[in-house]
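Here is the structure we will look at.
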Amino acid sequence: MRCNFANLYTVRMSPSLPPLSLYIHIPWCVRKCPYCDFNSHNAPQALPQREYVAALLADLDRDLPLAQGRPLRSIFFGGGTPSLFAPENMARILDGVAARLAFAPGIEITMETNPGTVEHGDFKAYRRAGINRLSFGVQSFDDAALQRIGRIHDAAQAERAIKRAQDDGLDNLNLDLMYALPQQTIDGALADIERAMAFDTPHLSHYQLTLEPNTSFAANPPPLPDEDSAWDMQEACQTRIAAAGFGHYEVSAYARPGRESVHNLNYWHFGDYLGIGAGAHGKYTAPSPPAALSSGERKDAAPSPPTAVSSGERVGVRGALDLDLALGNERKAPPHPTLSPAASGEGEGFDVPRHGKPSPAASGEGEGFEVQRHGKISAAASGEGEGFCVRRRWKLRSPRGYLEHAQSERVIGGDDAVARAQLPFEFMLNGLRLTSGIPLVDFHATTGLDFDAIRLPMEEGVRRGWLVPDRERLQPTDAGQRFLNDLITLFLPDKRRAAL
Numbered sequence: 001m002r003c004n005f006a007n008l009y010t011v012r013m014s015p016s017l018p019p020l021s022l023y024i025h026i027p028w029c030v031r032k033c034p035y036c037d038f039n040s041h042n043a044p045q046a047l048p049q050r051e052y053v054a055a056l057l058a059d060l061d062r063d064l065p066l067a068q069g070r071p072l073r074s075i076f077f078g079g080g081t082p083s084l085f086a087p088e089n090m091a092r093i094l095d096g097v098a099a100r101l102a103f104a105p106g107i108e109i110t111m112e113t114n115p116g117t118v119e120h121g122d123f124k125a126y127r128r129a130g131i132n133r134l135s136f137g138v139q140s141f142d143d144a145a146l147q148r149i150g151r152i153h154d155a156a157q158a159e160r161a162i163k164r165a166q167d168d169g170l171d172n173l174n175l176d177l178m179y180a181l182p183q184q185t186i187d188g189a190l191a192d193i194e195r196a197m198a199f200d201t202p203h204l205s206h207y208q209l210t211l212e213p214n215t216s217f218a219a220n221p222p223p224l225p226d227e228d229s230a231w232d233m234q235e236a237c238q239t240r241i242a243a244a245g246f247g248h249y250e251v252s253a254y255a256r257p258g259r260e261s262v263h264n265l266n267y268w269h270f271g272d273y274l275g276i277g278a279g280a281h282g283k284y285t286a287p288s289p290p291a292a293l294s295s296g297e298r299k300d301a302a303p304s305p306p307t308a309v310s311s312g313e314r315v316g317v318r319g320a321l322d323l324d325l326a327l328g329n330e331r332k333a334p335p336h337p338t339l340s341p342a343a344s345g346e347g348e349g350f351d352v353p354r355h356g357k358p359s360p361a362a363s364g365e366g367e368g369f370e371v372q373r374h375g376k377i378s379a380a381a382s383g384e385g386e387g388f389c390v391r392r393r394w395k396l397r398s399p400r401g402y403l404e405h406a407q408s409e410r411v412i413g414g415d416d417a418v419a420r421a422q423l424p425f426e427f428m429l430n431g432l433r434l435t436s437g438i439p440l441v442d443f444h445a446t447t448g449l450d451f452d453a454i455r456l457p458m459e460e461g462v463r464r465g466w467l468v469p470d471r472e473r474l475q476p477t478d479a480g481q482r483f484l485n486d487l488i489t490l491f492l493p494d495k496r497r498a499a500l
């Protein structure tokens with residue numbers, strides 16, 4: 001089936017600032033899991049909680065100009081294990097944020113927690129601090145499976161923690177589950193779903209365990225189910241989850257009607273988010289040329305990963321890009337299924353290796369958009385007209401270095417503009433994860449680019465049966481969801497050039 005997108009939306013919309021969220025990274029955990037490639041560190045005997053809270057608020061002060069007067073629609077505490085911090089320190093953080101930024105009505109405030117250990121305090125106290133949503137890193141309800149993946153809790157502890165949270169009045173819960181665990185069978189994966197369904201929580205994240213570089217599992221791989229078995233597990237579990245009344249709204253996220261993760265939806269809709277804490281990443285929209293930012297521009301910083309998420313429920317299943325989430329999320333496995341080197345679409349000025357981390361992309365000038373890497377603004381790229389640029393900012397990864405430089409601009413690891421040529425790919429990397437897709441007009445509204453920038457790959461996606469032939473919405477078909485890697489790579493800069 002063909003769909004001609006020529007002359008689509010001849011009346012241009014004005015680019016506008018997207019909604020704003022806040023990600024707060026707590027980098028410590030009781031013990032780092034062998035599959036975890038997030039910025040997490042084994043906790044010292046005495047956590048520097050008060051010092052870190054002060055550092056977070058100083059970090060936020062430095063980023064306040066990036067908010068541009070927008071209220072926060074969501075806050076997410078990720079890690080690491082945020083529940084290692086006492087409720088009174090969570091309250092100090094949230095009180096400090098509220099004194100600096102407006103909260104949107106009904107703001108969602110999520111905290112990750114590991115079940116069944118002594119690290120969490122009274123859930124009622126966390127609720128009084130302002131937490132209104134919890135994400136439990138359960139991963140499995142099978143004790144043998146939990147031991148094989150290095151978790152420090154057992155199934156009984158997880159069940160008690162979930163029930164305790166519900167009894168304490170926190171019913172807005174997400175449960176993280178993984179499948180394709182070492183030696184796992186389809187029956188074992190389905191048994192985990194059954195145990196999760198018994199708690200009647202409104203949200204479930206279900207993603208495949210994959211082996212990430214620089215982890216213990218990568219160095220000493222455990223015996224994992226083969227790809228066909230993993231796919232069979234995914235399909236069987238999806239069927240059971242749907243039968244329980246959950247909508248499959250994103251690659252690895254399921255929710256009861258109206259209970260989708262506000263924080264994650266802001267990522268998928270290419271919204272803005274500030275990131276504070278050791279290793280935290282943010283994505284923000286700035287005037288072009290950008291006003292002088294308090295960070296200055298770091299020349300020695302490494303390029304940041306694609307504009308994806310800095311946290312939120314785990315987001316990976318087989319068939320989706322491995323975004324290498326900018327930092328720890330509520331899931332303790334790799335962020336997404338991987339894009340293999342063979343499918344990476346390596347081309348001029350752009351390389352998407354296993355984690356989708358781009359090397360410096362070819363820059364391009366556009367109206368009012370700054371597109372240079374590492375924040376260097378050339379006259380050609382600075383945008384003499386009206387407009388904005390999409391940028392990323394990230395913080396020092398080392399907790400020690402972060403605390404040491406908390407009161408100076410050195411805490412900022414870098415601040416990059418997203419190359420104009422890369423924006424279509426990054427927009428699709430996020431938006432096409434949603435099973436219902438996103439309005440096509442959002443592409444121009446959040447990137448400032450004309451629809452011609454994506455017209456040819458859209459037509460190719462329709463031709464291959466991966467995109468619904470709709471002139472108003474970008475939506476993957478069932479086949480597009482299964483081959484999401486291939487669909488998204490159509491929007492890589494070199495792929496788009498080849499289609500011209």
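The numbers in the numbering used here rise by one with no breaks, and the one at position 491 of the sequence shown is 491. For every residue, glycine included, the Cβ atom is placed at its ideal position computed from N, Cα and C. Computed from a prediction, not measured in an experiment: that's the story for all the values here.
Cβ pair residue i, residue j closer than 8 Å
i, j, result
"D59", "G277", "yes"
"R195", "F141", "yes"
"G271", "S21", "yes"
"I107", "I75", "yes"
"Q139", "R148", "no"
"T447", "P18", "no"
"F491", "P399", "no"
"V411", "L432", "no"
"M233", "A198", "no"
"L175", "A165", "no"
Residue from the options with nearest C-alpha to residue i
i, options, result
"G465", "E472, I454 and Q481", "Q481"
"P29", "R473, Y23 and F38", "The question names Pro, but residue 29 is Cys in the sequence shown. Here the closest residue by C-alpha is F38."
"Y207", "L456, I241 and N220", "I241"
"L146", "E235, P257 and C33", "C33"
"A421", "A218, A230 and D494", "D494"
"A419", "G431, A243, R392 and S398", "R392"
"R70", "A191, S40, A243 and L101", "L101"
"G79", "Q45, F103, N172 and S40", "S40"
"L449", "V390, A54 and D486", "V390"
"F103", "M90, G130, E409 and V53", "G130"
"S205", "C237, L224 and A156", "C237"
Spatial distance of residue i from residue j (CA atoms)
i, j, result
"L177", "R471", "36 Å"
"E404", "L474", "45 Å"
"A406", "L56", "8 Å"
"G36", "P222", "Looking at the sequence shown, residue 36 is not Gly but Cys. C36 and P222: Cα-Cα distance of roughly 14 Å."
"W503", "M458", "Any answer about residue 503 is impossible in this case: the structure gives the chain only from 1 up to 500."
"E235", "G414", "41 Å"
"D154", "D200", "20 Å"
"G401", "D226", "41 Å"
"I488", "A255", "24 Å"
"A253", "H203", "8 Å"
"Y23", "A98", "14 Å"
"F369", "F388", "Since pLDDT at F369 reaches only 28, below the 50 mark, its modelled position is unreliable, and the value read off the structure follows with that caveat. If you take the alpha carbons of F369 and F388, they lie about 5 Å apart."
"F427", "S216", "32 Å"
"N42", "E212", "19 Å"
"P469", "R455", "12 Å"
"R463", "G437", "17 Å"
"N214", "N220", "11 Å"
"P476", "T239", "19 Å"
"T285", "L429", "17 Å"
"T185", "A218", "21 Å"
"Q45", "T81", "15 Å"
"E346", "D416", "Model confidence at E346 stands at a pLDDT of 23, short of 50, so the residue's coordinates are unreliable and nothing is read from them."
"K163", "D192", "16 Å"
"L182", "P287", "Note that residue 182 corresponds to Pro in the displayed sequence, not to Leu. Their backbone Cα atoms lie some 49 Å apart in a straight line."
"I93", "A453", "42 Å"
"G96", "F443", "34 Å"
"D486", "K283", "25 Å"
"R160", "W394", "37 Å"
"F483", "L224", "22 Å"
"D478", "V251", "11 Å"
"D171", "G258", "14 Å"
Cβ separation of residue i and residue j, assumed to be a contact under 8 Å, to the nearest whole Å
i, j, result
"L134", "A180", "No, L134 and A180 are not in contact; Cβ-Cβ is about 25 Å, not under 8 Å."
"R127", "D168", "6 Å"
"T113", "F136", "6 Å"
"Y249", "L434", "7 Å"
"N266", "R73", "6 Å"
"A158", "P115", "4 Å"
heavy atom of the ligand MG below 7 Å from residue i C-beta
i, result
"L17", "Ligands in the displayed structure: none, and consequently the ligand MG is not present."
Three or more C-beta pairs closer than 8 Å, one from the region 62 to 69 and one from the region 254 to 271: is that the case here? no
Is it true that the region 84 to 104 meets the region 42 to 49, where meeting means three or more beta-carbon pairs spaced less than 8 Å apart? yes
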